[in-house]
Every structure is written in C-alpha cells, then in structure tokens.
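Trainee: My questions all concern the structure below.
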Amino acid sequence: MTSPTRNETLAELRSRAIQPFSSELSPVIVNEQDGSPMVLVPAGRFTMGDDLDKESPQQSVFLKAFYISIYAVTNRQYRAFMEATGHRPPNIGARIDSLSVWHEEGCPEAFDDYPVVLISWDDADAYARWAGCRLPNEAEWEKAARGPEGLIYPWGERWDENNCRNRNNRGEDSVAPVYAYPEGVSGYGTWNQSGNVMEWCSIWEGEDDSGNASSREEALCQERGGCWRYPDKFAFRASQRSFVVPKAVNDFRGFRLVLPVE
Numbered sequence: 052m053t054s055p056t057r058n059e060t061l062a063e064l065r066s067r068a069i070q071p072f073s074s075e076l077s078p079v080i081v082n083e084q085d086g087s088p089m090v091l092v093p094a095g096r097f098t099m100g101d102d103l104d105k106e107s108p109q110q111s112v113f114l115k116a117f118y119i120s121i122y123a124v125t126n127r128q129y130r131a132f133m134e135a136t137g138h139r140p141p142n143i144g145a146r147i148d149s150l151s152v153w154h155e156e157g158c159p160e161a162f163d164d165y166p167v168v169l170i171s172w173d174d175a176d177a178y179a180r181w182a183g184c185r186l187p188n189e190a191e192w193e194k195a196a197r198g199p200e201g202l203i204y205p206w207g208e209r210w211d212e213n214n215c216r217n218r219n220n221r222g223e224d225s226v227a228p229v230y231a232y233p234e235g236v237s238g239y240g241t242w243n244q245s246g247n248v249m250e251w252c253s254i255w256e257g258e259d260d261s262g263n264a265s266s267r268e269e270a271l272c273q274e275r276g277g278c279w280r281y282p283d284k285f286a287f288r289a290s291q292r293s294f295v296v297p298k299a300v301n302d303f304r305g306f307r308l309v310l311p312v313e
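Numbering-wise, the working numbering comes out as the position in the sequence shown, counting from 1, plus 51.
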C-alpha cells in the first residue's frame, strides 16, 4: 500500500467531514518544513472529558483555531530531521521487549510510512520545533480526536476494535502504517488518534489548559490515544488521560504536530 497523495488526502477529508468548515482559512495545509498534511480545527468551545472515570471530568474549554497533523510523524520524516539536525536516532532498545525497526544502519525504507516510536518527549519536542510547530496540548489533542460532534471515540460513540490497531486485532504485527484504519478517522480528518501508538502532548501534570509548561524537570507528561499493545476499550477513548515521565522511551508511543493559527 502506498501513502495517499495530497489531493487524495484532501478528497478523503472532505468526504468524511461531519460538518463543513465555516472559516475562510484553508481546511488543509501542508507544513513546508517537514511535509506534514495538517487539518484545521476551528476556534470555539468544546466539552473536554467524558465523566466515565475520575481522570476525565467534563469541563468546557475554549481553544483558538489551530492546525493539527493528519498523521503521526513517520520514520521517513524523522530520518529527514536527523539528517538536517544531527539529532540522535530513535532508541534501538528501551527495554528487553521493545520492538524497533531502527538499527545501527538506520531504518529500512519499508517502514518509512510507519509512525516513529522509541523517542522521548524531548526528542518529539525537538522535532516539533525544527518543523516550525509544537506538540499539541492536551485540550487540542482531545478536541481534534473527538471531532465536531464531541464523540467518545474518533469514529463514534461505540467501541469497534476494527477501527483502530489494538492487541485484539493486530495478529502477528505491532504498529501499523499511519494511513491504516480509515474507518477510524475523526470528524476533523485526523487518522489513528485512537490506537496504533500513544502520542506525546505538551501538557505537563498540574498544568492548566492554557498550555504553560511546568518548570519542574521531573514533572510527568501527558500521553494520549491508546496503542497496539492495549486490549481494553476504555483506553482508546478520546478523553482517556495518562501520565508518563518525559524520558520514557517505548515502542508504542509517537507524536503529531500542531501549528497555531495566528
């Protein structure tokens, strides 16, 4: 399977959008620095949280308009970042059972369109800065995942394990290409915000919704999305929250980008 072209991606987004955009801003852009296609999430309030557990209480949050990556950052893109900056490669073995497609000689082209994993929060943040973007904050990530209708899962209100990569349907495989599972696309047009890999966010534990970073070096970071190692449907909710140390390096965590609208 080959990656969709820019025109194919745009057509797919328009066909799957739950409601049309009313803004004059382009619904889709391509970030010049790293080539990421990005979709517009318009300004406005949304209900963050679903009250299904104590970590996800409902609250009304206002966000300015922003663009968010349609796909998670891929191995192809991360390789270009390394070549341009000299940044270290993804960790080849964070723990005994970690799965890595990166070796001393690099990453095989067969895995170019898979999300990059085995990177720390600092690695993800460095890439985002190089790309002229930043990591999404917790509220931005959730709004994009829930779509205009504020759904529990990107695709709807009911769990369907066939709409995302998870332990129950992965077979002998682990992570999937970033364009896999089109049935799980959100109402805003983002792919794999549920399942495949967890994603780093810019919110730190104890931080408010404004996105102001904590100064504590060992504060916990946010991760969102569920992953291919998880079997529990509640872990794949758009509002599911979990915290992890920023130095954590695992084979089930990647990231996507946000570009604020000035």
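C-beta: ideal position from N, C-alpha, C; glycine also.
According to DSSP, is Y178 helix, strand or coil?
Mentor: helix
Trainee: Within the same chain, show all residues whose beta-carbon is closer than 7 angstroms to that of D163, passing over the 5 residues directly before and after it, in chain order.
Mentor: Only residues of its own chain outside the window of five on either side were considered, and among them T125, N126 and R127 have a CB closer than 7 angstroms to the CB of D163, listed in chain order.
Trainee: May I have the straight-line CA-CA distance separating D302 from A231, to the nearest angstrom?
Mentor: Cα to Cα, D302 sits roughly 18 angstroms from A231.
Trainee: Let me know the secondary structure DSSP gives T136 once reduced to three states.
Mentor: In the structure shown, T136 sits in a helix (DSSP, three-state: H, G or I).
Trainee: Please tell me whether P187 and V248 are closer than 8 angstroms, where the distance is taken between their beta carbons.
Mentor: The Cβ atoms of P187 and V248 lie no closer than 8 angstroms to each other.
Trainee: Please report the residue range of the alpha helix (DSSP H) in which R197 lies.
Mentor: E189 to R197
Trainee: Whose CA, out of L76, E106, S77 and I170, lies closest to the CA of R288?
Mentor: E106
Trainee: In the DSSP output, which residue or residues are listed as bridge partners for W206?
Mentor: According to DSSP, W206 bridges with nothing at all.
Trainee: Under three-state DSSP, which class holds R280?
Mentor: coil
Trainee: Would a C-beta distance cut-off of 8 angstroms place G246 and N217 closer than the cut-off?
Mentor: yes
Trainee: Give me the Cβ distance between C272 and V295, rounded to the nearest whole Å; I'm assuming they're in contact under 8 angstroms.
Mentor: 6 angstroms
Trainee: Looking at C-alpha atoms only, which residue of Y204, G183, D211 and V300 is the closest neighbour of D173?
Mentor: V300
Trainee: Using 8 angstroms as the threshold, is the C-beta distance between I170 and P205 below it?
Mentor: no
Trainee: If you reduce the DSSP assignment to three classes, tell me which class Y314 lands in.
Mentor: As displayed, the chain neither begins before 52 nor continues past 313, which places residue 314 out of reach and without an answer.
Trainee: In angstroms, rounded to a whole number, what distance separates the CA positions of K115 and D283?
Mentor: 33 angstroms
Trainee: Please return the same chain residues whose Cβ sits closer than 7 angstroms to the Cβ of I80, not counting the five positions on each side in sequence.
Mentor: M89 and Y118
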